[in-house]
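First residue of the sequence shown? That's 960 in our numbering, and the numbers climb one at a time after it. To keep things clear, I will list the structure first and then write my remarks on it.
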Amino acid sequence: MPVSGSAAAAPTSSGRTGRSRSSASSATSRCSAGSRSARRHLGGSASRCVIFPRRADPAVTFASRKVEIQDGGDLSVTGDLTMRGTTARSCCPPGPFSTSPRTYAATAASAPLRPARSTARTSAWCGMRPRDRRCRASRSPTTSSSCSTPSSFASLDRHPLRARRGRAIWPEHPRRSKFWPNSTYIWPEPCRSAGFWPNSGMDLVGRARERTSLAQAMASTEAELIAIYGRPRVGKTYLIRELLGDAICFELTATYGAPVRDQLANFAAALAVTRGSALDPPSSWRVAFEQLTAALKTRSTKTRSTTTKRVVFFDELPWLASRRSGFLPAFEHFWNSWAVKQRDLVVIVCGSAAAWMIQQLLSARGGLHNRVTRRIRLEPFTLSESEQYFASRSMNLGRYQILELYAALGGVPYYLKQIERGDSAAVAIDRTCFARDGALRDEFDKLYASLFEHSDRHIRAVRALGTSPRGLTRGEVIDAAGLSSGGGASRVLDELEESGFIVRTPQLGRPVKDAMVRLIDEYSLFYLKWIEHHRGGADNVWINKRGTPAWRAWSGYAFEGICLKHVSAVKRALGIEAVETAESTWLHRPLDRHDRGAQVDLVIDRRDASINLCEMKFSEGEFTIDKKYARELRDKRDTFRRVTGSRKMLLVTMITTYGLRSNQYALELVDKSLTLDAL
960 MPVSGSAAAA
970 PTSSGRTGRS
980 RSSASSATSR
990 CSAGSRSARR
1000 HLGGSASRCV
1010 IFPRRADPAV
1020 TFASRKVEIQ
1030 DGGDLSVTGD
1040 LTMRGTTARS
1050 CCPPGPFSTS
1060 PRTYAATAAS
1070 APLRPARSTA
1080 RTSAWCGMRP
1090 RDRRCRASRS
1100 PTTSSSCSTP
1110 SSFASLDRHP
1120 LRARRGRAIW
1130 PEHPRRSKFW
1140 PNSTYIWPEP
1150 CRSAGFWPNS
1160 GMDLVGRARE
1170 RTSLAQAMAS
1180 TEAELIAIYG
1190 RPRVGKTYLI
1200 RELLGDAICF
1210 ELTATYGAPV
1220 RDQLANFAAA
1230 LAVTRGSALD
1240 PPSSWRVAFE
1250 QLTAALKTRS
1260 TKTRSTTTKR
1270 VVFFDELPWL
1280 ASRRSGFLPA
1290 FEHFWNSWAV
1300 KQRDLVVIVC
1310 GSAAAWMIQQ
1320 LLSARGGLHN
1330 RVTRRIRLEP
1340 FTLSESEQYF
1350 ASRSMNLGRY
1360 QILELYAALG
1370 GVPYYLKQIE
1380 RGDSAAVAID
1390 RTCFARDGAL
1400 RDEFDKLYAS
1410 LFEHSDRHIR
1420 AVRALGTSPR
1430 GLTRGEVIDA
1440 AGLSSGGGAS
1450 RVLDELEESG
1460 FIVRTPQLGR
1470 PVKDAMVRLI
1480 DEYSLFYLKW
1490 IEHHRGGADN
1500 VWINKRGTPA
1510 WRAWSGYAFE
1520 GICLKHVSAV
1530 KRALGIEAVE
1540 TAESTWLHRP
1550 LDRHDRGAQV
1560 DLVIDRRDAS
1570 INLCEMKFSE
1580 GEFTIDKKYA
1590 RELRDKRDTF
1600 RRVTGSRKML
1610 LVTMITTYGL
1620 RSNQYALELV
1630 DKSLTLDAL
């Protein structure tokens, strides 16, 4: 792709005029496919860095007025070139974008090219911090062009680039952090920090609030203790490694069920990476944290010229802090005695056992009480985020196909990762859930056993809820699961709720204790309904089940559950996102044989004197309201008015997959109709 720029020579910082290394002829530099990226910088007062990411032998030609990249090699330039046609996978150059994300422009004086100082881990991307695939103009007072590097960075010969784990650190600017908008830095190729820098080509899907919270923590001037929790396979570790991987100076991943001796051996191996030298396993966690403190002090002394945050990451904290291990007291002492005073330190603890994280850390009563500065509860993907995820993998799945996958697997990224490009939803579900070697065939028992210490009680409660897709009251769950009616049952339900498997929805006009408990984990529902009864490994199980009455009934209940998990999207589609609302369910059991019972799965009670009575109906085409269903809708609306005595305006709202077929009943009864697109 042609890349052209001005060849006007610029005076160097020493007053000399830069000269072209070759005016008539060109010098050619090649990057072999297996070697690290070739790096060049522009000399003169506007010295810049040019980095060519590793590709399949791009031939790069340098001349006094022209730079060309042949064979489609990507180019990332910090300097005075006008680049056109480069791909969006390239790192954003510091010049402002034009209207197209694929056309870049930078304005300044050009200068000759000469080799830059080589370093061990600065071979991938270079540039300013981009936002929304557009580079924001630098606010540096030392430059006149919109996105230029400060002139004091002019010469890499006079100011050698010092790189540790891919961070470019300039000696004359010790307080210039890579989280400020006018920073300049180089990322290593394995750590492109996709969350904060979208042009890395490995963008994270969704997680906007989580990314914002982590960015604020990295930019703060105080020590941070961050707790991240959520169900297994939801992407907690991936989130931290992708966003903050370059800043992690110590990472310890626990081993499930391992004795303390093995956990301490893992700690020693992890600390050896930080120290750069091996050491013997510590005798206890107190000694381990003393060693960690010493290593971090040494690292801080070596890097005192910068304010870049250092991240200490403990993955799966509940597995480390087993009973009688002594981990929590040692961690408490480490934080309160030393870590809390380190302004450049971020300690992140992560755990899948959400109930444990809340009880032992977030609601701790001892030395860790109110010590957590930020808490992040990572949820599975929504339908919209699932669509973005498949699009990021270049998978052309329609929304109906995504809905079918979501109804069976939910929004857990690891589950969705099992879907291969080119598979339909039915084929993918067959392969992952029913085949003998399916990745999710035996996930149910392993999932609950890894989360809860006495998982048999939790599994009994989940099985009881699986028999009633629309939910049970607390007393009905206790009776069906055979749980004790004391604190044990409450703890089981609380732990399931904190882990995101169940939800308690209040009933309109009923006390809180009568709230409906509903199983909302799509995979658990799918396993109990289908996988458990078809474990023989037969071929095409799910494909043959499609279209049967049992499949239609399950699809209806699954669609209701998905709608209940996307209430915020429903409110947004109704245009009432900013209106204060209270969501509930409503059930009226007939008092005698002349009375009619009615149930509304979603009641949105609004502050503007209106109530949306939401009906969710799954259909493979447009849903038709016939005479029988029209009478049912009238009875629901009239019974709701009579029993509740509400004087608010009642709005019948239909949520269907493909919308309503227009007829006299739809026009008469339905006030608002939403489709799958709204979710």
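For every residue, glycine included, the Cβ atom is placed at its ideal position computed from N, Cα and C.
First through last residue of the alpha helix (DSSP H) which encompasses residue i
{"i": "L1351", "result": "In the sequence under discussion, the amino acid at residue 1351 is Ser, which differs from the Leu named in the question. First-last of the alpha helix (DSSP H) with S1351: L1342 to S1351."}
{"i": "S1322", "result": "Looking at the DSSP string, S1322 is not in any alpha helix (DSSP H), and its letter there is neither H nor E."}
{"i": "A1314", "result": "A1313 to M1316"}
{"i": "G1446", "result": "G1446 to E1457"}
{"i": "P1372", "result": "P1372 to K1376"}
{"i": "V1386", "result": "A1384 to I1388"}
{"i": "R1416", "result": "S1414 to G1425"}
{"i": "F1393", "result": "Taken as a continuous stretch (DSSP letters only), F1393 belongs to no alpha helix (DSSP H), as it is neither H nor E."}
{"i": "D1438", "result": "R1433 to A1440"}
{"i": "F1403", "result": "E1402 to L1410"}
{"i": "L1628", "result": "Q1623 to L1628"}
{"i": "L1364", "result": "R1358 to L1368"}
{"i": "E1169", "result": "A1167 to A1178"}
{"i": "R1200", "result": "K1195 to L1203"}
Inter-residue CB distance, residue i and residue j (contact presumed, cutoff 8 Å)
{"i": "A1423", "j": "A1408", "result": "Not a contact, Cβ separation roughly 18 Å."}
{"i": "F1290", "j": "L1211", "result": "The pair is not a contact, with the Cβ atoms about 11 Å apart (cut-off 8 Å)."}
{"i": "I1563", "j": "C1573", "result": "7 Å"}
{"i": "I1479", "j": "V1462", "result": "5 Å"}
{"i": "A1366", "j": "F1518", "result": "7 Å"}
{"i": "A1186", "j": "M1316", "result": "6 Å"}
Classification of residue i by the beta-carbon crowding that lies within 10 angstroms, buried from 16 upward
{"i": "Y1374", "result": "buried"}
{"i": "M1608", "result": "exposed"}
{"i": "L1635", "result": "buried"}
{"i": "Y1359", "result": "exposed"}
{"i": "Q1222", "result": "buried"}
{"i": "E1169", "result": "buried"}
{"i": "D1498", "result": "exposed"}
{"i": "T1214", "result": "exposed"}
{"i": "A1171", "result": "According to the sequence shown, residue 1171 is Thr rather than Ala. Result: exposed."}
{"i": "K1268", "result": "buried"}
{"i": "T1180", "result": "exposed"}
{"i": "D1396", "result": "exposed"}
{"i": "S994", "result": "Since pLDDT at S994 reaches only 35, below the 50 mark, its modelled position is unreliable, and no value is offered."}
{"i": "R1336", "result": "buried"}
{"i": "D1389", "result": "buried"}
{"i": "H1553", "result": "exposed"}
{"i": "A902", "result": "Missing from the structure shown is residue 902; the chain here goes from 960 to 1638 and no further."}
Bounding residues of the beta strand (DSSP E) (the contiguous stretch that carries residue i)
{"i": "I1187", "result": "E1183 to Y1188"}
{"i": "R1334", "result": "R1333 to R1336"}
{"i": "T1616", "result": "Element bounds for T1616: n/a, residue is neither H nor E."}
{"i": "S1632", "result": "K1631 to L1633"}
{"i": "G1310", "result": "L1304 to G1310"}
CB contact flag (residue i, residue j, <8 Å)
{"i": "L1368", "j": "E1481", "result": "yes"}
{"i": "A1182", "j": "Q1301", "result": "yes"}
{"i": "A1176", "j": "V1271", "result": "no"}
{"i": "G1425", "j": "S1514", "result": "no"}
{"i": "V1308", "j": "L1276", "result": "yes"}
{"i": "W1545", "j": "V1559", "result": "yes"}
{"i": "A1420", "j": "L1406", "result": "no"}
{"i": "R1330", "j": "L1184", "result": "yes"}
{"i": "A1385", "j": "I1521", "result": "no"}
{"i": "V1629", "j": "S1351", "result": "no"}
{"i": "P1288", "j": "V1193", "result": "no"}
{"i": "A1314", "j": "E1412", "result": "no"}
{"i": "I1535", "j": "R1565", "result": "yes"}
{"i": "A1312", "j": "L1410", "result": "yes"}
{"i": "L1619", "j": "S1605", "result": "no"}
{"i": "L1238", "j": "F1209", "result": "no"}
{"i": "R1555", "j": "T1603", "result": "no"}
The ligand ZN heavy atom lying under 7 Å from the CB of residue i
{"i": "L1238", "result": "No copy of the ligand ZN occurs in the structure displayed, which carries no ligand at all."}
Min CB distance residue i to chain D below 8 Å
{"i": "D1567", "result": "This model lacks chain D altogether; it includes just one protein chain."}
Kindly provide the ranges of any alpha helix (DSSP H) runs that are 4 or more residues long and lie completely inside the stretch 1550-1595, ordered along the chain.
none
Quick one: which unbroken alpha helix (DSSP H) runs of 4-plus residues sit fully inside the stretch 1459-1543? Chain order, please.
1481-1488, 1500-1504, 1508-1524 and 1526-1533
In chain order, which beta strand (DSSP E) runs of at least 3 residues are fully inside the stretch 1209-1288?
1269-1274
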